[in-house]
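Colleague: In my numbering, the protein residues as written are 1 to 661. Could you have a look at this structure, given as structure tokens, before my questions?
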């Protein structure tokens, strides 16, 4: 009966609550893989998108895109968001008029301010014009420039040049030879145009990305319908000199649609391009990486994808000579479009990849390697956040093998005063150093103990004893200078008055027998290895799940109620607050979930006899991960109920339970 009600698959990647999707494990781990450090969403109740991100001089981040939640809500406004190094918003600014504006590209400038390029429909001469906005370090506008004619123009990429001016790339219809041309604008430091160039043939051509090259010229990529073999458009790579005159151009693609979305000059003087291809690969569209020499001749080409639609939106060369590319995938992940991150070696061979997202549309548009060797990713999410789409920042790092194991503190519970012996071992393949074990004392100070490197290998070991006293919890964790990877918090307690509940890997059904005012989030933070907390709604007869990182779905722990907690390891819940002395639990017809809070044991039969119209009592066996049912008249199936145990009770009539049993 209960089994059909409560069936959370431990192998599933997504848990669903009230039509919201939550990510449990989205990474494809290998010996080296991506390690997610944090994710943040920004936005309101409407559509908010981030197209560009850069790490700033203070190790924070600057994001540009557009918002319909803030600013002039009659249309889209350019949105500039500044965060600290942990992704916490410091400030945001909107720019625009009564129509639509989008910020497509942002860069921090030499003076600490920011330059933004995009398009505007509120200002200028045409339907769409290129917009260039310069701000100070606080995001306050210093000047704005508009470029365009009577038709459509867009700016997709901007970079400050070595002379302090700016280079912008995009597309123009007003000044095109054909329907559309690549459009390149060079400005001085004040944003005034020094020269513009239209590059293209008789059909549609445009640029999505520009970068100044080591010779003072510029490299561009985008699309062309004027050249190449495909009538649906090809990837176009164009090299121009410092005055914007074409030196050479190359076309890549086949007979289907192919696009180049980002280009970067590589350390060998060549170029790396990403985008998508319909001409090659396995699916409808595949993410494509193309490496060329300094003359634009193809060195190699790689495609990545499945049977669905897979795009590459940005690419950067990494410090190891390989490449990081981001975009989105419909072939892999959780459903809908998912953010897709791929790391390759110098030859474009995949080393590892990861997807991030829920069941709705989640897309990455930009990536940059950060000062700590990790990566910052920018895009939008429809699966998470507050609105229709929210700006999404994801901070990841490459995780080399680091195994923190055998952490113990013995004895885990004892009377005051006492001695605790702490031991642990750390294994690494990354030449780590300065590994420490930290023990927090009641006054929030630390006991720091360095670990010994034994036998000259990357094996670090600690075995030490501490004299610790007081009615407090203590915590142990391990980290390294290189990766700052921490173990789970390990609880132990030395005191004179405590309640503790032992937990096993998998699901456990518990109650909190003390009056501490906890929420589900407190339970997670106080149990090492706790992944989820689940409550039972006896009105709607359904479960409600709390996942760490989603505070909107947090809930209070009510005295006398039971809760499921999922554990990734063996753990102990230690509580030192005042014990609960009375409860008042409303029982609805059908299934209810209560918790035994008394310090004296009882039996299932005794509780059943004290609840009117109760037809069964069910416990959860956390060892075998299954239910145990007691029915009246079957004494062989009766069981002992201990303090901290949660129980399902099935009643035929509404009533209240006051803790009798």
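Ideal placement from N, C-alpha and C gives every residue a C-beta, glycine not left out.
Is the beta carbon of residue 593 less than 8 Å from the beta carbon of residue 651?
Modeller: For the purposes of this step, residue 593 is taken as the residue at position 593 of the chain shown. For the purposes of this step, residue 651 is taken as the residue at position 651 of the chain shown. No, the Cβ-Cβ distance between residue 593 and residue 651 is not below 8 Å.
Colleague: Which residue from 623, 625 and 632 puts its Cα closest to that of residue 617?
Modeller: Working through the chain shown from its first residue, we reach residue 617 at position 617. Comparing Cα-Cα distances from residue 617 to each of 623, 625 and 632, the minimum goes to 632.
Colleague: Is residue 92 buried or exposed, if buried means 16 or more other CB atoms sit within 10 Å of its CB?
Modeller: On the chain shown, residue 92 is found 92 positions in, with the first residue counted as 1. The residue is buried, with at least 16 neighbouring Cβ atoms inside 10 Å.
Colleague: DSSP three-state label for residue 78, please.
Modeller: Numbered from 1 along the chain shown, position 78 holds the residue referred to as residue 78. Here residue 78 sits in strand by DSSP.
Colleague: What is the residue span of the beta strand (DSSP E) that residue 362 lies within?
Modeller: Taking the chain shown and counting its residues from 1, the one referred to as residue 362 is at position 362. Here the beta strand (DSSP E) through residue 362 covers 362-369.
Colleague: Report the start-end ranges of each beta strand (DSSP E) in the segment 137-181 that is 3 residues or longer and not cut off at the edges.
Modeller: Taking only runs of at least 3 residues, the beta strand (DSSP E) segments lying wholly in the segment 137-181 are 141-147, 153-160 and 166-172.
Colleague: For residue 513, count neighbouring Cβ atoms within 10 angstroms of its own Cβ and tell me buried if that reaches 16, exposed if not.
Modeller: Counting from 1 along the chain shown, the entry for residue 513 is found at position 513. When all chains shown are included, residue 513 counts as buried.
Colleague: Check residue 551 in the structure and name its three-state DSSP category.
Modeller: Looking up residue 551 in the chain shown gives position 551. Residue 551: helix per DSSP, three-state reduction.
Colleague: According to DSSP, is residue 505 part of a helix, a strand, or is it coil?
Modeller: For the purposes of this step, residue 505 is taken as the residue at position 505 of the chain shown. Here residue 505 sits in coil by DSSP.
Colleague: Do you know how far the Cα of residue 386 is from the Cα of residue 471?
Modeller: The residue labelled residue 471 in the question sits at position 471 within the chain shown. The residue labelled residue 386 in the question sits at position 386 within the chain shown. Legend: pLDDT at residue 471 = 44, less than 50; position of this residue unreliable, value from coordinates given subsequently. When rounded, the distance between both Cα atoms is 41 Å.
Colleague: Classify residue 637 as buried or exposed, calling it buried when 16 or more other Cβ atoms lie within 10 Å of its own Cβ.
Modeller: Looking up residue 637 in the chain shown gives position 637. Label assigned to residue 637: exposed.
Colleague: Rounded to whole angstroms, what is the Cα-Cα separation between residue 278 and residue 243?
Modeller: Reading the chain shown from its first residue, position 278 is the one you call residue 278. Reading the chain shown from its first residue, position 243 is the one you call residue 243. Distance between the alpha carbons of residue 278 and residue 243: 34 Å.
Colleague: So residue 236 and residue 260 are in contact, right, with Cβ under 8 Å, and what is the actual spacing, rounded?
Modeller: Taking the first residue of the chain shown as position 1, residue 236 is located at position 236. Taking the first residue of the chain shown as position 1, residue 260 is located at position 260. Going by Cβ atoms, the distance from residue 236 to residue 260 rounds to 6 Å, so yes, they are a contact pair.
Colleague: What are the boundary residues of the alpha helix (DSSP H) that residue 220 is part of?
Modeller: Within the chain shown, numbered from 1, the residue matching residue 220 stands at position 220. Per DSSP, residue 220 belongs to no alpha helix (DSSP H); it is in the beta strand (DSSP E), 218-224.
Colleague: Return the residue from the list 349, 124, 256 and 394 that minimises the CA-CA distance to residue 55.
Modeller: Here residue 55 refers to the residue found at position 55 when the chain shown is read from its first residue. Among 349, 124, 256 and 394, the Cα nearest to that of residue 55 belongs to 394.
Colleague: Buried or exposed, going by whether 16 or more other CB atoms sit within 10 Å of the CB of residue 507?
Modeller: Working through the chain shown from its first residue, we reach residue 507 at position 507. Buried: at least 16 other Cβ atoms inside 10 Å.
Colleague: Go to residue 287, then tell me how far its alpha helix (DSSP H) extends in each direction, as first and last residue.
Modeller: Taking the first residue of the chain shown as 1, we reach residue 287 at position 287. Per DSSP, residue 287 belongs to no alpha helix (DSSP H); it is in the beta strand (DSSP E), 286-292.
Colleague: If you follow the alpha helix (DSSP H) that residue 526 is in, where does it begin and where does it stop?
Modeller: As a working note, residue 526 is residue 526 in the chain shown. That run of the alpha helix (DSSP H) goes 520-526.
Colleague: I'd like the list of long-range same chain contacts for residue 610, defined as Cβ closer than 7 Å, with 5 residues on each side in sequence excluded.
Modeller: Locating residue 610 in the chain shown gives position 610, counting from the first residue. Cβ neighbours of residue 610 beyond the five flanking positions: 660 and 661.
Colleague: Is there contact between the segment 279-287 and the segment 300-319, where contact requires at least three CB pairs shorter than 8 Å?
Modeller: Yes, since at least three Cβ pairs between the segment 279-287 and the segment 300-319 fall closer than 8 Å, the two stretches touch.
Colleague: With a cut-off of 8 Å on the beta carbons, I'd call residue 315 and residue 325 a contact; round off their distance for me.
Modeller: For the purposes of this step, residue 315 is taken as the residue at position 315 of the chain shown. For the purposes of this step, residue 325 is taken as the residue at position 325 of the chain shown. Contact holds; Cβ gap of about 4 Å.
Colleague: Is it true that the CB of residue 174 sits closer than 8 Å to the CB of residue 150?
Modeller: Numbered from its first residue, the chain shown carries residue 150 at position 150. Numbered from its first residue, the chain shown carries residue 174 at position 174. The answer is yes: Cβ separation under 8 Å.
Colleague: For residue 272, count neighbouring Cβ atoms within 10 angstroms of its own Cβ and tell me buried if that reaches 16, exposed if not.
Modeller: Walking along the chain shown from the start, residue 272 turns up at place 272. The residue is buried, with at least 16 neighbouring Cβ atoms inside 10 Å.
Colleague: Work out the CA separation of residue 137 and residue 107 for me, nearest whole Å.
Modeller: The count along the chain shown starts at 1 and reaches residue 107 at position 107. The count along the chain shown starts at 1 and reaches residue 137 at position 137. Roughly 12 Å separates the two Cα atoms.
Colleague: Whose C-alpha, out of 210, 256 and 253, is nearest the C-alpha of residue 238?
Modeller: Taking the chain shown and counting its residues from 1, one reaches residue 238 at position 238. Of the listed residues, the one whose Cα sits closest to residue 238 is 210.
Colleague: Cβ of residue 275 versus every heavy atom of the ligand SAM: is any distance shorter than 7 Å?
Modeller: Summarising the ligand content, the structure contains no ligands, and the ligand SAM is consequently not present.
Colleague: Thinking just about the alpha-carbon of each residue, which of 204, 342 and 187 is nearest to the one in residue 377?
Modeller: One-based indexing of the chain shown puts residue 377 at position 377. When each option's Cα is compared against that of residue 377, the closest is 342.
Colleague: Any idea if residue 634 is buried or exposed, counting beta-carbon neighbours within 10 angstroms, 16 or more meaning buried?
Modeller: Taking the first residue of the chain shown as 1, we reach residue 634 at position 634. Counting Cβ neighbours within 10 Å, residue 634 comes out exposed, since fewer than 16 surround it.
Colleague: For residue 45, collect the residues of the same chain with a Cβ closer than 8 Å to its Cβ; drop the 5 residues on either side in sequence, then sort them by chain order.
Modeller: If you number the chain shown from 1, residue 45 lands on position 45. Taken in chain order, the residues that qualify are 69, 386, 387 and 388.
Colleague: Would residue 223 be called buried (16 or more neighbouring beta carbons within 10 Å of its own) or exposed?
Modeller: As a first step, residue 223 must be located in the chain shown, where it is residue number 223. When all chains shown are included, residue 223 counts as buried.
Colleague: What's the call for residue 566, buried or exposed, on a 16-neighbour Cβ count within 10 Å?
Modeller: By 1-based counting over the chain shown, the position of residue 566 is 566. Residue 566 comes out buried.
Colleague: Report the three-state DSSP secondary structure of residue 579 (helix, strand or coil).
Modeller: The count along the chain shown starts at 1 and reaches residue 579 at position 579. Residue 579: strand per DSSP, three-state reduction.
Colleague: Assuming residue 42 contacts residue 89 under a Cβ cut-off of 8 Å, what Cβ separation, rounded to an integer in Å, is found between them?
Modeller: Taking the first residue of the chain shown as position 1, residue 42 is located at position 42. Taking the first residue of the chain shown as position 1, residue 89 is located at position 89. Rounded, the Cβ-Cβ distance is 6 Å, consistent with contact.
Colleague: I need the straight-line Cα distance from residue 576 to residue 553, nearest angstrom please.
Modeller: Taking the first residue of the chain shown as 1, we reach residue 576 at position 576. Taking the first residue of the chain shown as 1, we reach residue 553 at position 553. Using only the alpha carbons, I get a separation of about 26 Å.
Colleague: Between the segment 186-194 and the segment 158-166, are three or more C-beta pairs nearer than 8 Å?
Modeller: Touching, yes, given that three or more Cβ pairs across the two stretches are closer than 8 Å.
Colleague: DSSP state of residue 607, grouped into three classes?
Modeller: Indexing the chain shown from 1 puts residue 607 at position 607. Of the three classes helix, strand and coil, the one that applies to residue 607 here is helix, per DSSP.
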